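Residue 153 is where the sequence shown starts when you use the numbering used here, and the numbers rise one by one after that.
Structure first, commentary second.
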Amino acid sequence: MKIDNDLTRMLGIEYPIIQGAYAWEGYGTSKIAVPVSEAGGLGIITAIAFKTAEDFREDIKKAMSLTDKPLAVNYSVLYGTEFTHEYYSEYVKAAIEEGIKIVFTSSYDGTPIGKEVKKEGCTWIHKCATLKHAVSIAGKGVDALAIVGVEGAGNKTNEQTTTLINITNARKMITDIPLIAVGGIADAYGFAAALAMGASGVYMGTAFMATKEFQGPDDLLNPIINQSMTDPAYTTRALTTDPGVFHSQAAGVIDSVPDVKEFIESLVKGAKNRFEEIKGWGLTD
Ligand SMILES: Cc1cc2nc3c(=O)[nH]c(=O)nc-3n(C[C@H](O)[C@H](O)[C@H](O)COP(=O)(O)O)c2cc1C
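In structure tokens form, the structure reads like this:
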């Protein structure tokens, strides 16, 4: 089985399913990226999860020795912090030297890194949180765009809208590159919905934390799989940044911990079934 679309062709992957960047040491590493790529999605190794560029290089080498499938890296450019594009220069060099061909930038302006890696023959994808930034960066040579809805984990801004509004609008405003839906997606219905809205693929953080290979501690996993839908900490989660909670509202649809391959297959098969079900409704011209 395979999904053949503009994003899977661009990235050389089987399914347009991408694992999110994770800032923490020990998490945004080959440990989760390799199984995701091996299962036909795209795994990401997150530069900010490594204290030094050499540690980052070693993990990329390890990942490359474990899979022949495409792997990506992420550089999170954080406004007002030390994590500028200059900070990442040695990390960028290391990934290019180790043969990485797909580069994500995220948060603030990824253009300096994007331009540099494109000169080296890489595909550059930027992940941003607002439609305004998506439109602005679309004209700067980016190959695909990931847009994070307010349902997603990570930094929040009051200019953010929902995944539904992001993708349906971005599809009208940005017509020449693939769009990737991010935020609140964690099962086959969410995957199918993203494709139906006009996204070419999905990118998930919380959902991959609830897989066997992620191997997070129980205090991270338990709140994800036992999420109460009436807990105020959950119902207000989209609008607030609570430093004590790391997962997103995607937790609302997660109740088990499959392995990565099982999870990715469940997304693809479930979405296919859903589209067939809809086709069976007898829609006519
Ligand atoms: C623990 C954790 C750490 C994260 N660290 C980063 C990061 O360093 N850089 C980044 O761009 N996004 C980061 N994210 C955001 C994810 O990559 C992704 O955009 C987000 O989880 C999508 O929303 P979802 O959780 O609803 O799928 C992080 C998310 C989580 C849950």
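Every residue, glycine too, gets a C-beta built ideally from N, C-alpha and C.
Here the structure is a predicted model, which is why all the values come from computation and not from measurement.
Answer with buried or exposed for Q401, where buried requires no fewer than 16 other C-beta atoms within 10 angstroms of its C-beta.
buried
Might you give, ordered along the chain, the residues of its own chain that have their beta carbon closer than 8 angstroms to the beta carbon of I416, omitting 5 neighbours on each side?
Y167, I169, V188, A191, G192, G193
What's the call for W433, buried or exposed, on a 16-neighbour Cβ count within 10 Å?
exposed
On the CB-based measure, 16 or more other CB atoms within 10 Å of its CB, does R389 come out buried or exposed?
buried
Anyone know if the C-beta pair for V409 and A362 falls short of 8 angstroms?
yes
Applying the 10 Å Cβ sphere with the 16-neighbour rule, what's the burial state of A247?
buried
Under 8 angstroms between the Cβ atoms of V255 and V225?
yes
Separation of A286 from I165, as counted between CA atoms:
24 angstroms
Between K270 and the rest of its own chain, which residues show a CB-CB distance below 7 angstroms, the 5 nearest in sequence each way excluded?
W276, G293
Within this structure, are the beta carbons of A351 and I319 separated by less than 8 angstroms?
yes
Reference Q171, options G336, L419, V354, P330, closest by Cα:
V354
Which ranges does the alpha helix (DSSP H) cover as unbroken runs of at least 4 residues, wholly within the stretch 249-320, from first to last along the chain?
263-271, 283-290
Three-state secondary structure (DSSP) at V129?
Residue 129 is absent from the model: the chain starts at 153 and stops at 437.
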